[in-house]
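Here this note's numbering is used: position 112 in the sequence shown is 112, and no number is missing along the way.
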Amino acid sequence: MNLKERLKQLDLGEKEIEVYISILKQKQTTITRIADSAGIKRTSVYHCLENLIKKGLISRISKDGRNYYNAEDPKESFSNILNEKKEIILSLIPKVKEIYGQSGSFPEIKIYHNLAGIKKIFEDLLSCKEKINRYYLSGFLLEGILGKEFVDDFVMKRVKKGIKSFSLRTFAYKPEREKGEIHSKQLREVRFIPENVIIKPYMVIYDDKVVVISTKEEKIGFVIQSKEYADAQKALFDMIWNNAAI
């Protein structure tokens, strides 16, 4: 990509580019020299010069009753343009996010087929706005998929963010390492459902998302993002929770 093509990416028109390059070559020059060098009519050059001044690429000085034009230090002027664009983008993000997915008409489903994807799911759990994760645990230990180090680190980060864990488990799933005082330190509440209630996948409900992780053998996870569906799952979870054994 040559210089002119790159300058177009800064929203410069073709004539503005010719005028700017002419000034760069001459350092300090007059409108007559610019018009001759760029091969552009003086009336068009005037318009280009005003736009280039507004963009901070050139400056104008008066000397002996004549106007002279100088190119600003490119490193500084382009940095200023970059910073302005960055500020515009940063100011747009909150407004765009308000609109993004506003209609909520279609649930979004993402499927993760490997260990890295499942870890990404758990990293997103740490962004929970409601500060409550609802878990169904039954068939397997999560450490068997993600490893104890990752799980311990996840729990530590969850606690640091003040996110509570409500965990529904079968009586068969009762690790000895998890005692009452450990649950309390880890912001975890546990209740138990009968062993004959089989829920094989590992499930988590938070905000407007429902996470399902298949068995240890399959190592597949998927996330359903839908406020209506998540609210329905929360209501079902809470009903079971209120009737489960402590």
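Beta carbons: idealized from backbone N, C-alpha and C, even for Gly.
1) With DSSP as the reference, label leucine 168 as helix, strand or coil.
2) Can you grab the Cα-Cα spacing for the pair arginine 60 / arginine 33, in whole Å?
3) So, with DSSP's three-state summary, where would you put arginine 177?
4) Valine 197 by DSSP, collapsed to three states: which one?
5) Where do the N-terminal and C-terminal ends of the alpha helix (DSSP H) with lysine 160 fall, by residue?
6) Candidates Gln9, Asn2 and Arg42: which alpha carbon is nearest valine 19's?
7) I'd like to know whether the C-beta atoms of serine 184 and leucine 137 end up nearer to each other than 8 Å.
8) Give the secondary structure of leucine 82 by DSSP, where H, G and I count as helix, E and B as strand, and everything else as coil.
9) My assumption, with CB atoms under 8 Å, is that isoleucine 17 sits in contact with lysine 4. Please give the rounded CB distance.
10) Please state whether DSSP places isoleucine 132 in a helix, a strand or coil.
11) In the DSSP assignment, the alpha helix (DSSP H) including serine 44 goes from what residue to what residue?
12) Does the beta-carbon of phenylalanine 106 have 16 or more other beta-carbons within 10 angstroms, so that it is buried, or is it exposed?
13) How would you call alanine 71, buried or exposed, if buried means at least 16 neighbouring beta carbons within 10 angstroms?
14) Tell me which residues share the same chain as phenylalanine 122 and place their Cβ nearer than 6 Å to its Cβ, disregarding the 5 neighbours each side in the sequence.
15) According to DSSP, which residues form a beta bridge with glycine 221?
16) Please classify asparagine 133 as buried or exposed, where buried requires at least 16 other C-beta atoms within 10 Å of its C-beta.
17) Rounded to a whole number of angstroms, what is the C-alpha to C-alpha distance between isoleucine 205 and alanine 230?
18) Can you list, in chain order, the residues of its chain with a C-beta nearer than 7 Å to that of asparagine 252? Leave out the 5 residues immediately preceding and following it.
19) Do you know whose CA, among Leu10, Leu7 and Tyr69, lies nearest alanine 35's CA?
20) Could you tell me which of Ile246, Lys219, Phe237 and Ile109 sits nearest to isoleucine 118, measuring between CA atoms?
The relevant details are as follows:
1) Counting from 1 along the sequence shown, the entry for residue 168 is found at position 168. Strand, per DSSP.
2) Within the sequence shown, numbered from 1, the residue matching residue 60 stands at position 60. Within the sequence shown, numbered from 1, the residue matching residue 33 stands at position 33. Whole-angstrom Cα-Cα distance: 14 Å.
3) Position 177 of the sequence shown, counting from 1, holds the residue named residue 177. Here arginine 177 scores only 49 on pLDDT, less than 50, and its place in the model should not be relied on; the value that follows carries that caveat. Coil at arginine 177, not helix or strand.
4) To locate residue 197, count along the sequence shown from 1; it is residue 197. Coil.
5) Translated into positions along the sequence shown, residue 160 becomes position 160. Note, lysine 160: alpha helix (DSSP H), 148–160.
6) Translated into the one-based positions of the sequence shown, residue 19 becomes position 19. Of Gln9, Asn2 and Arg42, the residue nearest in Cα terms is Arg42.
7) Translated into positions along the sequence shown, residue 184 becomes position 184. Translated into positions along the sequence shown, residue 137 becomes position 137. No, the Cβ-Cβ distance between serine 184 and leucine 137 is not below 8 Å.
8) The residue labelled residue 82 in the question sits at position 82 within the sequence shown. Note: leucine 82 maps to helix in three-state DSSP.
9) Stepping through the sequence shown from its first residue, residue 17 is reached at position 17. Stepping through the sequence shown from its first residue, residue 4 is reached at position 4. Indeed they touch by this definition, with Cβ atoms about 5 Å apart.
10) Translated into the one-based positions of the sequence shown, residue 132 becomes position 132. It is a strand residue.
11) Against the sequence shown, residue 44 aligns to sequence position 44. Where serine 44 is concerned, the enclosing alpha helix (DSSP H) stretches over 42–54.
12) What you label residue 106 is simply residue 106 of the sequence shown in a count that begins at 1. Answer is exposed; the Cβ neighbour count stays below 16.
13) Counted from its first residue, the sequence shown places residue 71 at position 71. By the neighbour-count definition (other C-beta atoms within 10 Å, threshold 16), alanine 71 is a buried residue.
14) Position 122 of the sequence shown holds residue 122. Cβ within range, chain order: Phe154.
15) Taking the sequence shown and counting its residues from 1, the one referred to as residue 221 is at position 221. The partner list for glycine 221 (beta bridge, DSSP) reads Tyr112 and Ile213.
16) Position 133 of the sequence shown, counted from the start, is the residue given in the question as residue 133. Asparagine 133 should be labelled buried.
17) The residue you call residue 205 lines up with position 205 of the sequence shown. The residue you call residue 230 lines up with position 230 of the sequence shown. Taking the straight line from one Cα to the other gives about 7 Å.
18) Since the displayed the chain opens at 1 and closes at 246, residue 252 lies outside it and no answer follows.
19) Your numbering for residue 35 matches position 35 in the sequence shown. Here the closest residue by C-alpha is Tyr69.
20) If you number the sequence shown from 1, residue 118 lands on position 118. For isoleucine 118, the closest of Ile246, Lys219, Phe237 and Ile109 by C-alpha to C-alpha distance is Lys219.
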